[in-house]
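K.L.:
Take this structure, written in structure tokens, and hold onto it; I'll ask about it next.
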Amino acid sequence: MTHEIAVIPGDGIGQEVTPAAIEVLESFPIDFEFVEAEAGDAVLAETGEALPQETYDLAASADATLFGAVGETAADVILPLRTAVDSFVNIRPAKAYPGVDAVRPETDLVFLRENTEGVYSGLEDRLTQDVSTLTRVVTESASKRLAEFACDYVAGDEHDGFSIVHKANVMRETDGLFRDTVRDVAEEQGVETNEVLMDAFATRVCLDPEQFDVVVCPNLAGDVLSDLAAGLVGGLGLLPSANIGPERAVFEPVHGTAPDIAGEGIANPAAMILSTAMLLEYLGYEAESAAVDDAVEATLEEGPRTADLGGDASTDDVTEAIIDRL
Ligand code: NAI
Ligand code: MG
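Counting in full-length UniProt numbering, the sequence shown runs from 1 upward without gaps.
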């Protein structure tokens, strides 16, 4: 079976870490067909469009998309790409690795963030010179499909249920609906949950991240709290993510184009390669996915390392070391 993978390197170090990811995927005897497409600042300057229609259509039809990073056009590219695959959940693991300086080395979390609504509904208005408003949208259907995904995600021995993070004590209607829906689905499926108010979560995760494992949250809370967790594990440079839809998905590192180091061949490919591990798992190649995770982890611990982790290796050196361990 051939898997069509849309490849969108984008700008800056996206152009450097995306080939590394392809090399990793090509090291497996799996039938991938890679189709490259453009998006971002460079193609905007050339054509007037940050996300050309053919790139959107490709992401909407490919089995999965690997996306590097884009610069100032990030919002114009990423949000439509998520829409292209109807992504209702953003999976963001935040895990500290041996050999990498972390504020909280014991951190090992996975955020399952609602990816379509909340305060990112886009329903903003400037009513008067003085007043602007935003409509926060929460639907039972979106909360339900997130909850069902979360229940599947924690099935098996590895996880004991999940935490529901919300602020239903203040946003009674919207987060009330979110919390009740997620809780009901979990109860029906016999999945254990606990609830944490999102502000309290911010404090507790800093003081003692080990009390959390899988965290299910509304859109903005997931965005902010997963970046906070990124700080606990040593920065954004190592974090992968997946935008999952009902039939396709987009995989991308959490980091941006790193203009300060772009073009030098020294970007750390780890986040992008960990994103390919998520892609492999999504396509059902669990052993291969675990092998990539292990190879990245061993390389982070034993080296070689790129400059962001105190080493002097190039993107290619690190990629080669990871592939050698596969
Ligand atoms: P950034 O993630 O690009 O860089 C932040 C810092 O982390 C920089 O010092 C950078 O050198 C370092 N860094 C990030 N990834 C690294 C890697 N793989 N290896 C080594 N060092 C790495 O975030 P910043 O500077 O806020 O944004 C730069 C540009 O990227 C902006 O134009 C922004 O709009 C865009 N951006 C795009 C995103 C995306 O496409 N998903 C996400 C975040 C930012
Ligand atoms: Mg963010």
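Note that the Cβ used here is the ideal one computed from N, Cα and C, for glycine as well.
1. Please classify Leu127 as buried or exposed, where buried requires at least 16 neighbouring CB atoms within 10 angstroms.
2. Output yes or no for whether 8 Å exceeds the beta carbon distance between Ile322 and Val24.
3. Can you tell me where the alpha helix (DSSP H) with Phe178 in it begins and where it stops?
4. Out of Glu72, Tyr120 and Pro93, which one is the CA nearest neighbour of Arg82?
5. For the ligand NAI, any of its heavy atoms closer than 7 Å to the Cβ of Pro209?
6. Between the alpha carbons of His3 and Glu286, how many angstroms are there, rounded?
7. Starting from Pro80 and walking both ways along the alpha helix (DSSP H), at which residues does that stretch end?
8. Fully enclosed by the segment 24 to 57, which alpha helix (DSSP H) runs are 4 residues long or longer?
9. Excluding five sequence neighbours on each side, which residues of the same chain lie with their C-beta closer than 8 Å to the C-beta of Thr181?
10. Beta-carbon of Leu232 versus every beta-carbon of chain D: anything under 8 Å?
11. Write down every uninterrupted run of the beta strand (DSSP E) in the segment 93 to 134 whose length is 3 residues or greater and which is fully enclosed by it, in chain order.
12. DSSP has Glu195 in a bridge; who is on the other side?
13. Check each candidate in Val216, Val170 and Glu247 and name the one with the smallest Cα separation from Gly161.
14. Answer yes or no: do Ile13 and Ala50 have a C-beta to C-beta separation smaller than 8 Å?
15. In angstroms with no decimal places, state the Cα-to-Cα distance between Tyr56 and Ile78.
16. Mapping DSSP to helix, strand and coil, what is Ile13?
17. For Asn169, list the residues DSSP reports as bridge partners.
18. How would you write the range of the alpha helix (DSSP H) that Ser275 sits in, first residue to last?
19. Could you pull out every residue in the same chain whose Cβ sits closer than 7 Å to the Cβ of Asp317, ignoring the five residues on either side in sequence?
20. Does Leu309 come out as helix, strand or coil in the three-state DSSP assignment?
21. Mapping the DSSP letters down to three states, classify Ser314 as helix, strand or coil.
22. With distances taken from CA atoms, which of Leu66, Gln53, Glu46 and Val131 is nearest Pro9?
23. For Ser132, count neighbouring Cβ atoms within 10 angstroms of its own Cβ and tell me buried if that reaches 16, exposed if not.
24. Locate the alpha helix (DSSP H) running through Glu140, then write down its first and last residues.
25. Pick helix, strand or coil for Ala267, following the three-state DSSP scheme.
26. Short check: CB of Val100 to CB of Leu326, under 8 Å?
P.N.:
According to the structure shown:
1. Working through the sequence shown from its first residue, we reach residue 127 at position 127. So Leu127 ends up on the exposed side.
2. The residue you call residue 322 lines up with position 322 of the sequence shown. The residue you call residue 24 lines up with position 24 of the sequence shown. Their beta carbons are under 8 Å apart, which means Ile322 touches Val24 by this criterion.
3. Here the question's residue 178 lines up with position 178 in the sequence shown. Here the alpha helix (DSSP H) through Phe178 covers Thr174 to Glu188.
4. Within the sequence shown, the letter at position 82 stands for residue 82. Nearest C-alpha to Arg82: Tyr120.
5. Translated into positions along the sequence shown, residue 209 becomes position 209. Every heavy atom of the ligand NAI is 7 Å or more from the Cβ of Pro209, so no.
6. For the purposes of this step, residue 3 is identified with residue 3 of the sequence shown, where counting begins at 1. For the purposes of this step, residue 286 is identified with residue 286 of the sequence shown, where counting begins at 1. His3 and Glu286 have their alpha carbons spaced roughly 15 Å apart.
7. For the purposes of this step, residue 80 is identified with residue 80 of the sequence shown, where counting begins at 1. Per DSSP, Pro80 belongs to the alpha helix (DSSP H) from Ala74 to Ala84.
8. Within the segment 24 to 57, the runs of alpha helix (DSSP H) that reach at least 4 residues and sit entirely inside it are, in chain order, 41 to 47.
9. As a position in the sequence shown, residue 181 is number 181, starting the count at 1. Only Glu140, Ser143, Lys144 and Ala147 meet the Cβ criterion.
10. Protein chains in the displayed structure number just one, and chain D is not present.
11. Within the segment 93 to 134, the complete beta strand (DSSP E) segments of 3 residues or longer fall at 108 to 114, 124 to 126 and 132 to 134, listed in chain order.
12. Residue mapping note: residue 195 aligns to position 195 of the sequence shown, counting from 1. The partner list for Glu195 (beta bridge, DSSP) reads Ile164.
13. Residue numbering aside, residue 161 sits at position 161 when the sequence shown is read from its first letter. When only C-alpha atoms are compared, the closest one is Val216.
14. For the purposes of this step, residue 13 is identified with residue 13 of the sequence shown, where counting begins at 1. For the purposes of this step, residue 50 is identified with residue 50 of the sequence shown, where counting begins at 1. In this structure, Ala50 does not lie closer than 8 Å to Ile13 by Cβ.
15. Here residue 56 refers to the residue found at position 56 of the sequence shown. Here residue 78 refers to the residue found at position 78 of the sequence shown. Taking the CA atoms as reference points, Tyr56 sits about 10 Å from Ile78.
16. What you label residue 13 is simply residue 13 of the sequence shown in a count that begins at 1. Reduced to three states, the DSSP call for Ile13 is coil.
17. As a first step, residue 169 must be located in the sequence shown, where it is residue number 169. Assignment of beta-bridge partners to Asn169 by DSSP yields no partner.
18. Taking the sequence shown and counting its residues from 1, the one referred to as residue 275 is at position 275. Note, Ser275: alpha helix (DSSP H), Ala270 to Tyr282.
19. What you label residue 317 is simply residue 317 of the sequence shown in a count that begins at 1. Excluding positions up to five away in sequence, the list reads Pro304.
20. On the sequence shown, position 309 is the one that residue 309 refers to. Judged by DSSP in its simplified three-state form, Leu309 adopts helix.
21. What you label residue 314 is simply residue 314 of the sequence shown in a count that begins at 1. In this structure, Ser314 counts as coil in the three-state DSSP scheme.
22. In the sequence shown, the residue the question calls residue 9 occupies position 9. Pro9 has its Cα closest to that of Leu66, out of Leu66, Gln53, Glu46 and Val131.
23. Indexing the sequence shown from 1 puts residue 132 at position 132. Exposed: under 16 other Cβ atoms inside 10 Å.
24. By 1-based counting over the sequence shown, the position of residue 140 is 140. From DSSP, the alpha helix (DSSP H) with Glu140 extends over Glu140 to Val154.
25. As a working mapping, residue 267 is identified with position 267 in the sequence shown. Note: Ala267 maps to coil in three-state DSSP.
26. By 1-based counting over the sequence shown, the position of residue 100 is 100. By 1-based counting over the sequence shown, the position of residue 326 is 326. Taking a C-beta distance under 8 Å as the contact criterion, Val100 and Leu326 do not qualify as a contact pair.
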